[in-house]
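Residue numbers (the working numbering): 935 to 1138.
No residue lacks a Cβ here, since even glycine has one placed at the ideal position from N, Cα and C.
Since the model is a prediction, treat every value here as computed from it, not as a measurement.
Here is the structure we will look at, set down as structure tokens.
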Amino acid sequence: MKRLLGSLVFALFFIFPASAQNGIVVFQTDFGLKDGAVSAMKGVAMGVSPALKLFDLSHEIPPYNIWEASYRLYQTADYWPKGTVFVSVVDPGVGTSRKSVVVQTKDGNFFVGPDNGSFTLIAETMGIKEVREIDETVNRRPGSGGSYTFHGRDVYVYTAARLAAGKIRFEQVGRLLSRKVEMIGYQKPSLENGTIKGNIPILD
């Protein structure tokens, strides 16, 4: 009887992936709202699960400004509940060999996007638990194999939505990488010979 019960639990674990996510997906892009790009991304998420709760962080990041993308995530992510999945698409390297990743922070949130420095301040302040490279052979919007310039829609939000909805476990995102992401170099606060040096992160 115990062996049967153990087999049943094992089977349920793999048939119905355990999900620590809360069904929330938060979007950040540099797309603006004048065209349909953001709407298309949300449509993909709804296609994965209409039960998802979708929110906007910002779509007004200056084009290709990965520093501001990093700062806006840092500015807001700590206020969202554990298990929230953030999608950040500020991607000047789209179509190149840069990695597409999902970062799990030590506090249990997830960040999906290009590994291009956008997660610098999240890594520094929240700490990284694991980083996985998105396996596009299984985590890519069906029928989008011929598209190379809209990873936000075809790869990032599709993967984020599946993760947030519990369709996949974090382990099913792709291969495990080292617990490091690409970091933006910037001047840390210091006092040298009576001179204060530092970095003004943003001007609101």
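Three or more beta-carbon pairs drawn from the region 1039-1059 and the region 1013-1028 are found closer than 8 Å, and the two stretches are therefore classed as touching.
Residue 955 has its alpha-carbon roughly 17 Å from the corresponding atom of residue 1060. In the same chain as residue 979, and ignoring 5 residues on each side of it, the C-beta atoms closer than 7 Å to its own belong to 959, 986, 988, 1091, 1095, in chain order.
According to the DSSP assignment, residue 1079 belongs to no alpha helix (DSSP H), since it is labelled neither H nor E.
Comparing alpha-carbon positions, the option among 1138, 997, 1089 lying closest to residue 1029 turns out to be 1089. By the Cβ-count criterion, residue 1109 is exposed, with fewer than 16 other Cβ atoms from all chains shown falling within 10 Å of its own Cβ. Under a 10 Å Cβ-count criterion, residue 994 is classified as exposed, with fewer than 16 other Cβ atoms of the shown protein chains found around its own Cβ.
Going by DSSP, residue 1000 is part of the alpha helix (DSSP H) stretching over 1000-1010. Residue 1058 sits in a helix when the DSSP states are folded into three classes. Taken atom to atom, the span from the alpha-carbon of residue 1016 to that of residue 1075 is near 26 Å. Distance check between residue 1086 and each of 1055, 1097, 976 places 976 closest, using alpha-carbon atoms only.
Its chain contains 1055, 1056, 1059 as the residues whose beta carbon lies nearer than 7 Å to that of residue 1008, once the 5 sequence neighbours on both sides are disregarded; these appear in chain order. Annotation: residue 1080 to residue 1121 spans about 41 Å, alpha carbon to alpha carbon. With fewer than 16 other Cβ atoms from the protein chains shown falling within 10 Å of its own Cβ, residue 1127 counts as exposed.
In the three-state reduction of the DSSP assignment, residue 1105 falls in the helix class.
Sixteen is the threshold: since fewer than 16 other Cβ atoms of the shown chains lie within 10 Å of the Cβ of residue 1031, the residue is exposed.
For residue 1103, the closest of 1112, 1093, 1111 by C-alpha to C-alpha distance is 1093. A straight-line Cα-Cα distance of about 11 Å links residue 966 and residue 990.
Per DSSP, the continuous alpha helix (DSSP H) segment holding residue 1093 begins and ends at 1091-1098.
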